[in-house]
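Residue numbers (our numbering): 42 to 662.
Structure record follows, encoded as structure tokens.
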């Protein structure tokens with residue numbers, strides 16, 4: 042018997058015939074190579090299965106169409122244009138290519154057009170306000186959920202833009218440039234404002250000046266939030282450095298809204314008790330979270346969104362910051378980078394590479410970067426290792442090995458393994474505070490970034506490889522899953538312990554006064570390095586030598602090694618490359634075939650959305 046497509050194994054129960062099974066098996070392999078994962082693939086199966094029960098007769102074409110929509114949503118789109126000469130053509134072509142069905146493009150395109158041109162009553166595809174899984178509206182395909190959220194969010198944003206705001210005088214901030222001062226003034230003059238800028242343009246310094254202005258106007262309380270715990274902690278640190286004791290403490294948006302597992306405690310009938318809200322790293326906001334936020338935000342409270350509109354959007358549907366930046370109302374743009382020092386040749390190389398990728402010019406990066414083999418990398422400026430022709434993942438593993446050594450992985454492991462850190466009531470012993478902080482900075486200064494979690498070039502495979510290298514340096518019994526000196530990352534929120542999805546920590550030996558020592562994962566919580574029992578976190582904890590570029594958003598690192606897939610995949614876009622490159626201050630290593638770099642730089646993420654048009658329609662007289 043043929044193995045099921047994924048662990049849930051639904052297809053063989055729904056579709057008859059070995060040919061159909063083989064087609065969907067190949068689509069499943071292609072979907073995994075696009076990093077959709079089993080959850081996304083299962084959803085596609087459910088929709089196709091429901092269509093079969095309705096009486097639909099073309100599960101193959103519908104399956105390809107659903108996968109195309111899911112990939113578009115993963116890149117930030119709320120909808121997929123159905124113009125056969127538009128993005129649908131290239132996206133379907135990519136799916137068929139990675140599934141080994143490249144010769145079927147014309148036939149599949151015609152069948153997809155038949156499905157969507159005039160949806161019938163016996164289909165999962167509807168139009169307008171139909172309560173069906175897929176909706177055709179304005180010449181585009183939506184999931185019913187995404188369309189509903191888009192309509193609702195557009196109405197709430199338009200209501201804020203229509204309402205006149207009380208203009209607050211921008212405070213004098215000697216440390217800010219003229220463009221940063223203008224951004225502060227824009228943010229203080231509207232009920233909804235956007236501040237967008239590239240890496241190192243001073244967005245968090247602008248945020249601190251905005252808070253000063255709100256405080257001077259007597260607006261209270263002021264809430265600070267971010268989509269992830271790491272971004273919220275970083276925002277708190279910057280605000281504290283700028284404002285001292287007057288700085289509000291940032292929270293994740295889920296914590297601010299009171300997420301309870303099945304919904305939010307704050308909503309229209311129980312609004313947030315705040316006078317203003319500033320959200321950092323707003324490029325990561327998706328439609329569903331923004332809908333909940335706007336629903337719970339009091340009408341009188343100004344909202345300021347801060348982030349880089351050129352970065353990757355949220356993993357789920359929606360590109361809110363980019364939509365609002367393009368809409369043009371109450372938008373301030375920061376252009377000058379202060380992180381990548383243009384006077385330093387290394388920082389200038391990183392900055393020029395980021396600008397070239399944003400302009401779609403991958404050749405400017407691949408041609409100007411110093412072409413190297415893994416063993417000759419200097420980890421300075423921008424370097425490139427061509428992985429073309431090598432066995433899958435081999436060059437990636439070599440890059441990971443050299444990066445691990447260059448980023449002082451062995452030294453960090455030795456330091457963590459040789460030291461037992463003493464804690465009293467969760468606080469590090471004062472005489473060891475500097476040593477622990479030094480270890481924290483050493484482990485956190487660089488990372489390997491990947492395009493996918495799966496595949497031989499993905500985060501899972503490279504973390505396993507580096508873990509084996511770490512184990513080889515130790516004398517241990519068995520094969521422990523984590524050892525001292527290894528970086529770890531939370532993969533889900535833990536509200537009880539104050540840890541959040543994306544938070545990164547390190548494994549140490551800890552003596553907590555109970556006799557002996559235990560392996561503990563140390564995370565920064567509320568400005569302190571706090572130990573947590575690994576056993577209590579194990580189902581939501583993973584290694585973080587390597588992490589996906591999506592997970593790296595909000596990070597500022599000295600150096601990164603970016604590992605791309607061996608084959609050109611639709612998820613490799615200029616936004617993905619731009620986000621990865623701009624995590625680094627002075628060193629970027631790109632690993633991948635030249636054709637993947639060039640194609641990725643040319644491929645803009647499928648950021649198709651009707652939100653801007655709906656907002657403009659709502660504001661029209």
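Every residue, glycine too, gets a C-beta built ideally from N, C-alpha and C.
Next item on the list: Give me the Cβ distance between residue 618 and residue 641, rounded to the nearest whole Å; I'm assuming they're in contact under 8 Å.
Entry: Contact between residue 618 and residue 641 holds: their C-beta atoms lie close to 5 Å from each other, under 8 Å.
Check: With distances taken from CA atoms, which of 467, 497 and 504 is nearest residue 562?
Finding: 467
Check: Under 9 Å, do residue 388 and residue 397 count as touching if we go by C-beta distance?
Finding: No. Outside cutoff.
Check: Is there contact here, the segment 204 to 212 with the segment 318 to 332, by at least three beta-carbon pairs under 8 Å?
Finding: Contact annotation: the segment 204 to 212 does not touch the segment 318 to 332, with fewer than three C-beta pairs closer than 8 Å.
Margin query: Rounded to the nearest angstrom, what separates residue 294 and residue 148 at their Cα positions?
Written below: 45 Å
Notebook entry, point to check: Could you give the distance in angstroms between the alpha-carbon of residue 231 and the alpha-carbon of residue 289?
Noted result: Whole-angstrom Cα-Cα distance: 21 Å.
Next item on the list: Return yes when the Cβ of residue 185 is within less than 9 Å of the Cβ of residue 175, no when it is not.
Entry: yes
Notebook entry, point to check: Candidates 178, 499 and 122: which alpha carbon is nearest residue 608's?
Noted result: 499
Item checked: Cβ-based neighbour list, residue 665, same chain, cut-off 8 Å, excluding 5 preceding and 5 following -> Past the boundaries of the shown model lies residue 665; the chain is included only from 42 to 662, so the question cannot be answered.
Check: What is the DSSP secondary structure of residue 311, counted as helix, strand or coil?
Finding: In this structure, residue 311 counts as strand in the three-state DSSP scheme.
Checklist line | Complete runs of the alpha helix (DSSP H) confined to the segment 118 to 153 [at least 4 residues] | finding: The segment 118 to 153 contains these whole alpha helix (DSSP H) runs: 128 to 139.
Checklist line | Same chain, Cβ closer than 7 Å to residue 261, five either side skipped, listed in chain order | finding: Cβ neighbours of residue 261 beyond the five flanking positions: 316.
Margin query: Check this for me: beta carbons of residue 613 and residue 569, under 9 Å apart or not?
Written below: no
Notebook entry, point to check: Any idea what DSSP makes of residue 536, helix, strand or coil?
Noted result: In the three-state reduction of the DSSP assignment, residue 536 falls in the coil class.
Margin query: Could you tell me the alpha carbon to alpha carbon distance between residue 462 and residue 487, rounded to whole angstroms?
Written below: 23 Å
Check: Taking the Cβ atom as the reference point for each residue, do residue 586 and residue 492 lie within a distance shorter than 9 Å?
Finding: no
Check: Any idea if residue 528 is buried or exposed, counting beta-carbon neighbours within 10 angstroms, 16 or more meaning buried?
Finding: buried
Check: Along the chain, which unbroken stretches of the alpha helix (DSSP H) at least 4 residues long are found entirely within the segment 176 to 210?
Finding: Runs of the alpha helix (DSSP H) inside the segment 176 to 210: 185 to 203.
Next item on the list: Mind reading off the beta-carbon distance from residue 349 to residue 241? Whole number of angstroms is fine, and I expect it under 8 Å.
Entry: About 10 Å separates the two Cβ atoms, so there is no contact after all.
Notebook entry, point to check: My guess is that residue 112 and residue 353 are in contact by the Cβ rule of under 8 Å, so how many angstroms apart are they, rounded?
Noted result: The beta-carbon distance between residue 112 and residue 353, rounded to whole angstroms, is 14 Å. This is too long to meet the 8 Å contact definition.
Notebook entry, point to check: From which residue to which residue does the beta strand (DSSP E) around residue 166 run?
Noted result: 166 to 168
Check: How do the segment 99 to 109 and the segment 625 to 642 stand: do at least 3 beta-carbon pairs fall below 8 Å, yes or no?
Finding: Taking a cut-off of 8 Å on C-beta distances, the segment 99 to 109 does not touch the segment 625 to 642, as fewer than three cross pairs fall below it.
Next item on the list: Give the single residue among 551, 399 and 597 whose Cα lies nearest to the Cα of residue 489.
Entry: Nearest C-alpha to residue 489: 597.
Margin query: Just to confirm the assignment: which complete alpha helix (DSSP H) runs, minimum length 4, are found wholly within the segment 293 to 342?
Written below: 294 to 298 and 328 to 337
Note to self: Quick check: is any heavy atom of the ligand ZN less than 8 Å from the C-beta of residue 479?
What the structure shows: Because no ligand of any kind appears in the structure shown, any question about the ligand ZN cannot be addressed here.
Check: At a cut of 8 Å, does the segment 504 to 522 reach the segment 439 to 457 through at least three beta carbon pairs?
Finding: yes
Next item on the list: Can you say whether residue 515 is buried or exposed, counting buried as having 16 or more other CB atoms within 10 angstroms of its CB?
Entry: exposed
Next item on the list: Kindly give me the distance between the Cβ atoms of residue 460 and residue 360, rounded to whole angstroms, as I take these residues to be in contact under 8 Å.
Entry: With 8 Å as the limit, residue 460 and residue 360 do not qualify as a contact, their Cβ atoms being about 45 Å apart.
Check: When we look at the beta-carbon of residue 339 and count the other beta-carbons within 10 Å, is it buried (16 or more) or exposed?
Finding: exposed
Notebook entry, point to check: Does the Cβ of residue 314 have 16 or more other Cβ atoms within 10 Å, making it buried, or fewer, making it exposed?
Noted result: exposed
Check: Residues in its own chain within less than 8 Å of residue 431 by CB, not counting five upstream and five downstream?
Finding: 607
Note to self: Please classify residue 623 as buried or exposed, where buried requires at least 16 other C-beta atoms within 10 Å of its C-beta.
What the structure shows: buried
Note to self: Assuming residue 171 and residue 358 are in contact, meaning their beta carbons sit under 8 Å apart, how far apart are those beta carbons, in whole angstroms?
What the structure shows: With 8 Å as the limit, residue 171 and residue 358 do not qualify as a contact, their Cβ atoms being about 18 Å apart.
Notebook entry, point to check: Got a sec? Which residues, its chain only, sit under 6 Å from residue 433 by beta carbon, not counting five neighbours each side?
Noted result: Closer than 6 Å at the Cβ level, and outside the excluded window around residue 433, lie 497 and 607.
Next item on the list: Enumerate in chain order the residues of its own chain whose CB-to-CB distance from residue 58 is below 8 Å, with the five nearest sequence positions on each side excluded.
Entry: Annotation note: pLDDT 42 at residue 58 (below 50); position unreliable, no value reported.
Next item on the list: Look at the alpha carbon of residue 298 and the alpha carbon of residue 393, and state the distance between them as a whole number of angstroms.
Entry: The alpha-carbon atoms of residue 298 and residue 393 are separated by roughly 40 Å.
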